[in-house]
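Written below as C-alpha coordinates is the structure these notes are about.
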Amino acid sequence: DRLRVHVVLLLAVKWYRDRQQWQPPKGRPRTHDRRLEVGWTIGPVVILAAVAILTMAALPAIERPAAYDYTIQVIGAQWVWLFQYPDWNDTATNLRSSRTMYVEVGKTFLLEVTSRDVIHSFYVPDLGIKIDAVPGIANTFWVRVDRPGTFTINCAEFCGAGHSEMNGEVVAFAPGTQAI
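Right, dumping it as C-alpha coordinates:
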(Lines of atoms letter the chains of each structure in order from A; the text may use other names.)
(Lines give C-alpha, C1' and ligand atoms only; values in the text may rest on other atoms or scores of the structure.)
Protein backbone atom coordinates (compact mmCIF):
# COMPACT_ATOMS: atom_id res chain seq x y z
CA ASP A 6 0.00 0.00 0.00
CA ARG A 7 2.84 2.39 0.84
CA LEU A 8 4.51 1.71 -2.46
CA ARG A 9 1.36 2.72 -4.37
CA VAL A 10 1.07 5.93 -2.36
CA HIS A 11 4.72 6.81 -3.06
CA VAL A 12 4.36 6.08 -6.77
CA VAL A 13 1.23 8.26 -7.04
CA LEU A 14 2.95 11.02 -5.09
CA LEU A 15 6.05 10.99 -7.34
CA LEU A 16 3.91 10.96 -10.50
CA ALA A 17 1.93 13.93 -9.20
CA VAL A 18 5.14 15.85 -8.45
CA LYS A 19 6.51 15.15 -11.94
CA TRP A 20 3.21 16.03 -13.65
CA TYR A 21 2.70 19.34 -11.87
CA ARG A 22 6.38 20.37 -11.82
CA ASP A 23 6.58 20.28 -15.61
CA ARG A 24 3.34 22.21 -16.29
CA GLN A 25 3.69 25.86 -17.27
CA GLN A 26 1.00 27.12 -14.88
CA TRP A 27 2.97 25.84 -11.89
CA GLN A 28 6.20 27.61 -12.82
CA PRO A 29 7.14 30.60 -10.66
CA PRO A 30 6.69 33.99 -12.32
CA LYS A 31 9.71 35.64 -13.89
CA GLY A 32 11.29 38.64 -12.23
CA ARG A 33 11.49 39.64 -8.61
CA PRO A 34 9.10 37.58 -6.43
CA ARG A 35 6.38 39.46 -4.55
CA THR A 36 6.83 38.87 -0.82
CA HIS A 37 4.57 41.43 0.88
CA ASP A 38 1.07 42.66 0.27
CA ARG A 39 0.19 45.47 2.65
CA ARG A 40 -3.53 45.38 1.75
CA LEU A 41 -3.75 41.70 2.62
CA GLU A 42 -1.93 42.21 5.93
CA VAL A 43 -4.17 45.13 6.88
CA GLY A 44 -7.25 43.07 5.98
CA TRP A 45 -6.06 40.10 8.05
CA THR A 46 -5.58 42.47 11.00
CA ILE A 47 -8.70 44.61 10.77
CA GLY A 48 -11.08 41.73 9.95
CA PRO A 49 -10.56 39.79 13.21
CA VAL A 50 -10.57 43.02 15.24
CA VAL A 51 -14.00 43.93 13.82
CA ILE A 52 -15.34 40.42 14.49
CA LEU A 53 -14.03 40.37 18.08
CA ALA A 54 -15.40 43.86 18.74
CA ALA A 55 -18.84 42.79 17.50
CA VAL A 56 -18.78 39.70 19.74
CA ALA A 57 -17.70 41.81 22.74
CA ILE A 58 -20.48 44.37 22.15
CA LEU A 59 -23.14 41.65 21.81
CA THR A 60 -21.86 39.93 24.95
CA MET A 61 -21.91 43.14 26.98
CA ALA A 62 -25.45 43.85 25.79
CA ALA A 63 -26.63 40.34 26.76
CA LEU A 64 -24.95 40.01 30.18
CA PRO A 65 -27.39 42.13 32.21
CA ALA A 66 -30.28 39.97 31.04
CA ILE A 67 -28.67 36.72 32.21
CA GLU A 68 -27.11 37.73 35.49
CA ARG A 69 -29.12 36.59 38.48
CA PRO A 70 -32.76 36.53 39.52
CA ALA A 71 -34.07 39.41 41.60
CA ALA A 72 -34.87 37.04 44.48
CA TYR A 73 -34.86 33.37 45.36
CA ASP A 74 -37.14 31.33 47.58
CA TYR A 75 -34.80 28.76 49.13
CA THR A 76 -31.15 27.81 49.39
CA ILE A 77 -29.87 24.30 48.79
CA GLN A 78 -26.30 23.42 49.69
CA VAL A 79 -24.97 20.87 47.21
CA ILE A 80 -21.91 19.00 48.50
CA GLY A 81 -19.86 16.62 46.40
CA ALA A 82 -18.07 13.88 48.29
CA GLN A 83 -16.44 10.78 46.96
CA TRP A 84 -18.71 9.32 45.54
CA VAL A 85 -22.06 10.78 46.47
CA TRP A 86 -24.02 14.03 46.24
CA LEU A 87 -25.25 15.43 49.56
CA PHE A 88 -27.97 18.10 49.85
CA GLN A 89 -28.73 20.36 52.80
CA TYR A 90 -31.81 22.61 53.00
CA PRO A 91 -30.94 25.22 55.66
CA ASP A 92 -33.96 27.53 55.18
CA TRP A 93 -36.70 25.17 53.97
CA ASN A 94 -39.21 26.42 56.56
CA ASP A 95 -39.42 27.51 60.19
CA THR A 96 -40.49 24.14 61.57
CA ALA A 97 -38.02 21.94 59.70
CA THR A 98 -34.37 22.88 60.05
CA ASN A 99 -31.21 21.03 59.03
CA LEU A 100 -33.00 18.92 56.45
CA ARG A 101 -30.63 16.70 54.48
CA SER A 102 -30.77 14.18 51.70
CA SER A 103 -28.30 11.97 49.91
CA ARG A 104 -28.33 11.33 46.15
CA THR A 105 -31.77 12.99 45.76
CA MET A 106 -32.35 16.74 45.61
CA TYR A 107 -35.92 17.91 46.17
CA VAL A 108 -37.22 21.10 44.56
CA GLU A 109 -40.71 22.54 44.42
CA VAL A 110 -42.08 23.42 40.99
CA GLY A 111 -42.35 27.17 40.43
CA LYS A 112 -39.88 28.17 43.15
CA THR A 113 -36.43 29.65 42.56
CA PHE A 114 -33.58 27.90 44.36
CA LEU A 115 -30.10 29.19 45.03
CA LEU A 116 -27.65 26.29 44.78
CA GLU A 117 -24.42 26.67 46.73
CA VAL A 118 -22.15 24.01 45.26
CA THR A 119 -18.95 22.87 46.95
CA SER A 120 -16.91 19.73 47.57
CA ARG A 121 -15.44 17.96 50.58
CA ASP A 122 -12.50 16.28 48.90
CA VAL A 123 -11.71 16.66 45.17
CA ILE A 124 -13.13 18.59 42.24
CA HIS A 125 -16.52 17.34 41.06
CA SER A 126 -18.99 18.82 38.58
CA PHE A 127 -22.71 18.90 39.43
CA TYR A 128 -24.44 18.15 36.11
CA VAL A 129 -28.20 17.95 35.47
CA PRO A 130 -28.53 18.13 31.67
CA ASP A 131 -32.35 18.25 31.57
CA LEU A 132 -32.35 21.38 33.76
CA GLY A 133 -29.35 23.07 32.15
CA ILE A 134 -27.22 22.84 35.28
CA LYS A 135 -23.47 22.27 35.13
CA ILE A 136 -21.33 23.80 37.82
CA ASP A 137 -18.03 22.76 39.35
CA ALA A 138 -17.81 21.67 42.96
CA VAL A 139 -14.42 22.76 44.27
CA PRO A 140 -13.14 22.15 47.82
CA GLY A 141 -13.16 25.35 49.87
CA ILE A 142 -15.09 27.37 47.27
CA ALA A 143 -18.89 27.81 47.12
CA ASN A 144 -20.03 28.30 43.53
CA THR A 145 -23.60 29.55 43.11
CA PHE A 146 -26.27 28.73 40.57
CA TRP A 147 -29.96 29.57 40.38
CA VAL A 148 -32.53 27.07 39.20
CA ARG A 149 -36.28 27.15 38.70
CA VAL A 150 -38.10 24.03 37.57
CA ASP A 151 -41.41 24.61 35.81
CA ARG A 152 -42.67 21.03 35.47
CA PRO A 153 -42.79 18.12 37.87
CA GLY A 154 -40.56 15.16 37.18
CA THR A 155 -37.40 13.29 38.03
CA PHE A 156 -34.12 14.40 36.45
CA THR A 157 -30.77 12.60 36.46
CA ILE A 158 -27.72 14.03 38.26
CA ASN A 159 -24.22 13.08 37.11
CA CYS A 160 -20.70 14.06 38.05
CA ALA A 161 -19.10 15.53 34.95
CA GLU A 162 -15.55 15.70 36.32
CA PHE A 163 -13.49 12.55 36.79
CA CYS A 164 -13.14 12.29 40.56
CA GLY A 165 -11.63 8.87 41.16
CA ALA A 166 -12.37 5.16 41.04
CA GLY A 167 -16.08 5.51 41.96
CA HIS A 168 -16.77 8.36 39.53
CA SER A 169 -19.16 6.32 37.38
CA GLU A 170 -21.31 5.61 40.44
CA MET A 171 -21.59 9.26 41.48
CA ASN A 172 -25.09 9.99 40.27
CA GLY A 173 -28.45 10.87 41.71
CA GLU A 174 -31.71 12.56 40.85
CA VAL A 175 -33.59 15.82 41.19
CA VAL A 176 -37.21 15.32 42.18
CA ALA A 177 -39.35 18.30 41.19
CA PHE A 178 -42.72 18.10 42.93
CA ALA A 179 -45.86 20.19 42.57
CA PRO A 180 -46.72 22.50 45.50
CA GLY A 181 -48.56 20.66 48.28
CA THR A 182 -47.85 17.16 46.99
CA GLN A 183 -44.71 16.38 49.00
CA ALA A 184 -44.30 16.08 52.72
CA ILE A 185 -41.21 17.61 54.30
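Counting from 6, one number per residue, gives the positions in the sequence shown under our numbering. The beta carbon of each residue, even a glycine, is placed where N, CA and C say it ideally should be. These numbers were taken from a predicted model, which means no experiment stands behind them.
Separation of residue j from residue i, as counted between CA atoms
i, j, result
"tryptophan 84", "methionine 171", "5 Å"
"glutamine 28", "valine 10", "25 Å"
"alanine 17", "histidine 37", "29 Å"
"aspartate 137", "valine 108", "20 Å"
"lysine 135", "arginine 40", "45 Å"
"alanine 55", "arginine 104", "44 Å"
"valine 50", "leucine 64", "21 Å"
"valine 43", "isoleucine 52", "14 Å"
"proline 69", "glycine 173", "Looking at the sequence provided, one finds arginine at residue 69 rather than proline. When rounded, the distance between both Cα atoms is 26 Å."
"lysine 31", "glutamine 25", "12 Å"
"threonine 182", "tryptophan 86", "24 Å"
"proline 8", "threonine 60", "Correcting the residue type first, residue 8 is leucine in the shown sequence and not proline. If I take the Cα positions, the gap works out to 54 Å."
"aspartate 131", "arginine 22", "58 Å"
"alanine 57", "alanine 66", "15 Å"
"serine 126", "cysteine 164", "9 Å"
Residues bridged to residue i [DSSP beta-bridge criterion]
i, result
"aspartate 137", "Ser126"
"alanine 177", "Val108 and Gly154"
"glutamate 117", "Gln78 and Thr145"
"leucine 100", "Tyr90"
"cysteine 160", "Phe127"
Which listed residue (the options) has its alpha carbon closest to that of residue i
i, options, result
"proline 91", "Leu116, Ala55, Pro34 and Ala138", "Leu116"
"cysteine 160", "Ser120, Ala66 and Arg149", "Ser120"
"valine 110", "Asp131, Pro70 and Arg152", "Arg152"
"valine 118", "Pro130, Thr105, Ile80 and Ser103", "Ile80"
"threonine 113", "Val150, Phe88, Met106 and Gln89", "Val150"
"alanine 179", "Gly173, Thr155 and Arg22", "Thr155"
"histidine 168", "Gln183, Asp122, Leu132 and Thr182", "Asp122"
"tyrosine 75", "Gly165, Cys164, Glu162 and Thr145", "Thr145"
"isoleucine 142", "Tyr73, Gln78 and Met106", "Gln78"
"tyrosine 128", "Ile47, Arg22, Met61 and Glu162", "Glu162"
Element boundaries [alpha helix (DSSP H), containing residue i]
i, result
"tyrosine 21", "7 to 23"
Boundaries (first-last residue) of the beta strand (DSSP E) holding residue i
i, result
"leucine 41", "It is not in any beta strand (DSSP E) - leucine 41 instead sits in the alpha helix (DSSP H) that spans 39 to 67."
8 Å contact criterion, which residue i and residue j should meet: CB distance rounded
i, j, result
"valine 139", "isoleucine 124", "5 Å"
"isoleucine 158", "valine 175", "6 Å"
Heavy atom of the ligand GTP within 8 Å of residue i beta-carbon
i, result
"alanine 66", "Looking at this structure, you won't find the ligand GTP or any other ligand, since it has none at all."
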